[in-house]
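J.:
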Amino acid sequence: MSLKNNEFKITSNCLHDTKDIGIFLGNSAKPGFNYFLTGDLGTGKTSLTQGILKGLGYQGYVHSPTFVLMTEYECNLHVNHIDLYRLPNQNQIDDLMLDEQLESGDCLNIIEWADKSDYLKNIPHMQINLKHIQHNSRKLNLSTDFEMYHETISSFKKIDLKCKGRCEQ
Numbered sequence: 097m098s099l100k101n102n103e104f105k106i107t108s109n110c111l112h113d114t115k116d117i118g119i120f121l122g123n124s125a126k127p128g129f130n131y132f133l134t135g136d137l138g139t140g141k142t143s144l145t146q147g148i149l150k151g152l153g154y155q156g157y158v159h160s161p162t163f164v165l166m167t168e169y170e171c172n173l174h175v176n177h178i179d180l181y182r183l184p185n186q187n188q189i190d191d192l193m194l195d196e197q198l199e200s201g202d203c204l205n206i207i208e209w210a211d212k213s214d215y216l217k218n219i220p221h222m223q224i225n226l227k228h229i230q231h232n233s234r235k236l237n238l239s240t241d242f243e244m245y246h247e248t249i250s251s252f253k254k255i256d257l258k259c260k261g262r263c264e265q
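Using the working numbering, the first residue of the sequence shown is number 97, and each one after it goes up by one.
1) If I107 sits next to S233, beta carbons under 8 Å apart, how far is it from one beta carbon to the other, in whole angstroms?
2) CB I45 to CB Y131, shorter than 7 Å?
3) Identify, in the order they occur along the chain, each residue of the same chain with its Cβ nearer than 7 Å to the Cβ of D241, setting aside the five sequence neighbours on each side.
4) Could you give the distance in angstroms between the alpha-carbon of N176 and the alpha-carbon of E243?
5) For S160 and L111, which I take to be in contact (beta-carbon distance under 8 Å), what is that distance rounded to the nearest angstrom?
6) For the region 204-258, list the alpha helix (DSSP H) runs that are entirely contained and at least 4 residues long, ordered along the chain.
7) Which value, in whole angstroms, describes the spacing of the CA atoms of L173 and D202?
8) Taking buried to mean at least 16 other C-beta atoms within 10 Å of its own C-beta, is D116 buried or exposed?
9) Given a threshold of 16 other Cβ atoms within 10 Å of its Cβ, counted over all protein chains shown, does R262 qualify as buried or as exposed?
10) When you compare each of H246, S251, N237 and F120 to G135 by their alpha carbons, which one comes out closest?
11) Quick check on E264: does DSSP put it in helix, strand or coil?
12) Between the Cα of E208 and those of K141, G153, T114 and S124, spot the shortest distance and give me the residue it belongs to.
13) Give the DSSP-derived three-state secondary structure of L99 in the structure shown.
Written as structure tokens, this is what we have:
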């Protein structure tokens, strides 16, 4: 674990850790927050989102919105789960009218493959990059240039992951 004011790095040793990190993020989420998820295919972006929604009290099934582009969930907050993976160019991303979703300020937006949109760079957000480091292990780097997320990043020093490398590798 490594903690700075605007950045936090943590290793997830298994799927349970990734979901626990998500639960922690869900517990910390506030209306108007934007979590931008990046990383290669299969690094756990949707698993992290499942944890975030669980942390917000959602009890149903959470799936990747790759083919539907956006799924909405009602729990402690209204959540828009958006996936930009299948959108090949900026014009199609602009057609989604993300600005309306992002500027409403009354919901949590979770955007997978956020790095595909130049528009999103200036929107206040926490960037969460997931990277494979071993078979089931991931390195998560949470970072932000926006002060509204500093408290969330600082609170990660309290996280206690259950897996701690004991899960099946």
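Backbone N, C-alpha and C define an ideal beta-carbon position, used for all residues, glycine too.
T.: On the basis of the supplied data:
1) Translated into positions along the sequence shown, residue 107 becomes position 11. Translated into positions along the sequence shown, residue 233 becomes position 137. A small correction: the amino acid at residue 107 is Thr; Ile does not occupy that position in the sequence shown. The Cβ separation is near 6 Å, so the contact holds.
2) Not covered by the structure: residue 45. The range shown for the chain is 97 to 265.
3) By one-based count along the sequence shown, residue 241 stands at place 145. Only residues of its own chain outside the window of five on either side were considered, and among them N102 have a CB closer than 7 Å to the CB of D241, listed in chain order.
4) As a position in the sequence shown, residue 176 is number 80, starting the count at 1. As a position in the sequence shown, residue 243 is number 147, starting the count at 1. Straight-line Cα distance between these residues: approximately 22 Å.
5) Your numbering for residue 160 matches position 64 in the sequence shown. Your numbering for residue 111 matches position 15 in the sequence shown. 15 Å between Cβ atoms; not a contact.
6) Within the region 204-258, the alpha helix (DSSP H) runs of at least 4 residues that lie entirely inside it are, in chain order, 246-251.
7) If you number the sequence shown from 1, residue 173 lands on position 77. If you number the sequence shown from 1, residue 202 lands on position 106. The alpha-carbon atoms of L173 and D202 are separated by roughly 8 Å.
8) Counted from its first residue, the sequence shown places residue 116 at position 20. Taking all protein chains in view, the Cβ of D116 is crowded by 16 or more other Cβ atoms within 10 Å, so the residue is classified as buried.
9) Taking the sequence shown and counting its residues from 1, one reaches residue 262 at position 166. Unreliable placement is indicated for R262, whose pLDDT of 45 sits below 50; no coordinate value is reported for it.
10) Position 39 of the sequence shown, counted from the start, is the residue given in the question as residue 135. Taking G135 as reference, the option from H246, S251, N237 and F120 with the minimal CA-CA separation is N237.
11) One-based indexing of the sequence shown puts residue 264 at position 168. In this prediction, E264 has a pLDDT of 44, which is less than 50 and means its spatial position is unreliable; what the coordinates show is noted afterwards. It is coil, neither helix nor strand.
12) Locating residue 208 in the sequence shown gives position 112, counting from the first residue. Measuring from the Cα of E208, the nearest candidate turns out to be K141.
13) Start at 1 with the first residue of the sequence shown, and residue 99 comes out as number 3. Below a pLDDT of 50, predicted positions are generally treated as unreliable, and L99, at 49, falls in that range; no measurement from the model is reported.
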